[in-house]
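I have placed the structure first, in the form of structure tokens, so that the comments after it can refer back to it.
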Amino acid sequence: MHPRVPNAPGGKSRNRPLAHQAHGAIAQPQPANAREKAILEVRGLRVYFDTEAAVVRAVDGVDLAVRRGECLALVGESGCGKTLTALAILRLVPCPPGRIAGGQVVFEGRDLLALPEPEMRRVRGAGIAMVFQEPMTSLNPALPVGFQVAEAVRAHCGASRAEAADRAVGLLRQMRIPDPAERARDYPHQLSGGMRQRVMLAMALACSPRLLIADEPTTALDVTVQAQMMELLAAIRAERDLALLLVTHDLGLVAQMADAVAVMYAGRIVERAPAAAIFASPRHPYTRGLLRCVPALGERRQRLPVIPGSVPDPAARPDGCAFRPRCDRASAQCATEEPPMQEDGHGRGCACWNPHEDTP
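So for the sequence shown, the numbering used here puts the first residue at 215; every next one is plus one.
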């Protein structure tokens, strides 16, 4: 099922895939070679939380890869482990109570989980940067935003105070902030949500990282500002050949930005594929359920489809497939065996014993 979009005024609405309508809005930088070696490979990543009651397997064997210049969207419901996966890539999981229990995070040929902390600090900012979900809590309310951007430049690029201050204004200008020299003197509370997000993006890009992780970059922004942010991010990607890991639950945003998609449920990747394939023919029942929940423009008023039930407690997961209690395709095998990721050899993978093969 795909959302409907209207034709020109006076015409009849018709079904078009969400990916089709969105990819027409923003030009998408594509990898020069789809088989190019990944700049980031996450293999079997596990993040556990030790509690008095049980060990919580918040991230449980995640595998994903991002190529240079590519945008990979990591999607799923709140609480499925998306943000925690992003934090684990940068070794920022709060410990205690959390810990990275296993796996590899290979960036440009080096396993980040095996690096000494001083070397890891050099990767953060210069190699991989992250834009966090809520800029108001990420920025220091007591310091001007220009000073904070300059400190990021000094911390990761080794510039002098004067050089860092000049670079900060230049970065704010690149982020299309009007009158950047004046705005650099403002405090976070004096800026709009969209401007604060641009400041966070300036800090993240201060030392020209090769990979940017954006965690829900349009949260709490109105539709117009969201569109401006995505246009800016797409332009930056094209200019810098920047790889992007986009963490989001917004499928419209995924359709606009992503080259590939990894769908996460209960701490595991359940489906991954090129973005166009995900929207045209989702194979995992959970992926299909997510797409059916997207409101359809132009439809008559009707009840919005929902996925029954809720995500299982990570401390008490059911045996077999974690999605089984909510799945209308579940079989006896689903109750006893966890499905492995099955690759088709064409960039698609699905962890399901009874995947869909048809187009919805």
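For each residue, glycine too, the CB sits at the ideal point set by N, CA and C. Small disclaimer: the values here were computed from a predicted structure and weren't measured.
Alpha-carbon to alpha-carbon, residue j and residue i
| i | j | result |
| --- | --- | --- |
| Ile-314 | Arg-260 | 6 Å |
| Arg-257 | Ala-267 | 28 Å |
| Glu-377 | Leu-467 | 36 Å |
| Phe-537 | Val-269 | 20 Å |
| Ala-489 | Leu-458 | 14 Å |
| Pro-330 | Arg-305 | 11 Å |
| Ala-418 | Pro-554 | 36 Å |
| Gly-523 | Pro-532 | 13 Å |
| Pro-587 | Glu-552 | Since the displayed the chain opens at 215 and closes at 574, residue 587 lies outside it and no answer follows. |
| Ala-379 | Leu-505 | 45 Å |
| Phe-493 | Arg-375 | 48 Å |
| Ala-491 | Lys-251 | 21 Å |
| Val-520 | Arg-502 | 11 Å |
| Pro-402 | Met-414 | 11 Å |
| Thr-351 | Gln-547 | 45 Å |
| Gly-360 | Leu-298 | 29 Å |
| Val-477 | Gln-404 | 37 Å |
| Gly-339 | Pro-310 | 24 Å |
| Leu-425 | Ile-303 | 11 Å |
| Val-280 | Gly-341 | 14 Å |
| Leu-447 | Met-409 | 14 Å |
| Arg-324 | Pro-509 | 43 Å |
| Gly-559 | Ala-474 | 15 Å |
| Gln-411 | Ser-495 | 34 Å |
| Pro-499 | Leu-301 | 28 Å |
| Ala-416 | Arg-451 | 13 Å |
| Ala-369 | Ala-565 | 42 Å |
Local Cβ density within 10 Å of residue i, reported as buried at 16 or more and exposed below that
| i | result |
| --- | --- |
| Cys-535 | buried |
| Lys-296 | buried |
| Cys-507 | exposed |
| Arg-381 | buried |
| Arg-399 | exposed |
| Arg-336 | exposed |
| Pro-332 | exposed |
| Trp-567 | buried |
| Leu-518 | exposed |
| Gly-372 | exposed |
| Glu-396 | exposed |
| Ala-549 | exposed |
| Glu-571 | exposed |
| Cys-541 | buried |
| Arg-271 | buried |
| Pro-394 | buried |
| Thr-432 | buried |
| Gln-516 | exposed |
| Pro-349 | buried |
| Pro-243 | In this predicted model, Pro-243 has a pLDDT of only 45, less than 50, meaning its place in the structure is not dependable; the value taken from the coordinates is given anyway. The residue is buried, with at least 16 neighbouring Cβ atoms inside 10 Å. |
| Asp-429 | buried |
| Arg-561 | Per the sequence shown, residue 561 should be read as Gly rather than Arg. So Gly-561 ends up on the exposed side. |
| Ala-364 | buried |
| Asp-274 | buried |
| Thr-462 | buried |
| Glu-453 | exposed |
| Pro-423 | buried |
| Glu-557 | exposed |
Bridge partners - residue i, DSSP secondary structure assignment
| i | result |
| --- | --- |
| Pro-488 | Ala-474 |
| Asp-274 | Arg-260 |
| Glu-557 | Gly-563 |
| Ile-483 | Met-478 |
| Glu-255 | Ala-279, Val-320 |
| Leu-425 | Ile-342, Ala-457 |
| Val-289 | Thr-462, Val-477 |
| Val-269 | Asp-264 |
Closer than 8 Å to chain E by CB, residue i
| i | result |
| --- | --- |
| Val-484 | Looking for chain E here will not work: only one protein chain is present. |
Three-pair Cβ contact test at 8 Å for the region 468 to 488 versus the region 284 to 295:
Judged by Cβ distances under 8 Å, the region 468 to 488 makes contact with the region 284 to 295, as three or more pairs qualify.
Counting only runs that start and end within the region 296 to 357, where is the alpha helix (DSSP H) found for 4 or more residues in a row?
Correct list: 296 to 303, 331 to 337, 349 to 352.
Below 8 Å, how does it come out for the region 386 to 399 and the region 424 to 440: are there three or more Cβ pairs, yes or no?
Three or more Cβ pairs closer than 8 Å define a contact, and the region 386 to 399 falls short of that threshold against the region 424 to 440.
Can you list, in chain order, the stretches of the beta strand (DSSP E) that have 3 or more residues and sit fully within the region 429 to 471?
Secondary structure in the region 429 to 471: the beta strand (DSSP E) runs of 3 residues or longer, each lying completely within the stretch, are 457 to 462 in chain order.
Between the region 443 to 459 and the region 314 to 326, can you find at least three pairs of beta-carbon atoms closer than 8 Å?
At 8 Å Cβ cutoff, the stretches do not touch.
If you scan the region 392 to 418 from start to end, which runs of the alpha helix (DSSP H) of 4 or more residues do you find wholly inside it?
With a minimum length of 4 residues, the continuous alpha helix (DSSP H) runs that stay inside the region 392 to 418 are 394 to 397, 407 to 418.
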